[in-house]
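In the working numbering, the protein residues as written are 67 to 162.
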């Protein structure tokens, strides 16, 4: 993925009952339906972090897919931060 003006990075921190429910693997599987790269990982505080890069529309659609899936019922809070893409990632993966 080439980093240009139309490419963005989205960082989302999800909290709630988001660990131990298959969140990372489901999000990774969902990402394969979109033109996004990045990672999803559990954080020590019990939240889940998603960092994804792609076009803004692909990222919005990916986030909508997460929210609209069975994962949505586990999400109590969401913090979303947008920045320019770094072109660091070559695929979307689960990070440990």
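Quick reminder that beta carbons are idealized off the backbone N, C-alpha and C, glycines included.
Predicted model only: the values in this text are computed from it and were never measured.
Asked: Residues near residue 151 by beta carbon distance below 6 Å, same chain, minus five either side; Found: 69, 73, 74, 75 and 119
Asked: Residue 155 beta carbon less than 8 Å from that of residue 107; Found: no
Asked: Rounded separation between residue 153 and residue 103 - CA only; Found: 9 Å
Asked: Beta-carbon proximity list for residue 147, same chain, < 7 Å, skipping 5 on both sides; Found: 77
Asked: Neighbourhood of residue 85 by C-beta, 7 Å cutoff - its chain only, sequence neighbours within 5 removed; Found: 108, 112 and 114
Asked: Proximity of residue 89 and residue 127 at Cβ, strictly below 8 Å; Found: no
Asked: Interface flag, residue 104 vs chain C, CB-CB below 8 Å; Found: Of the protein chains in the structure, only one exists, and it is not chain C.
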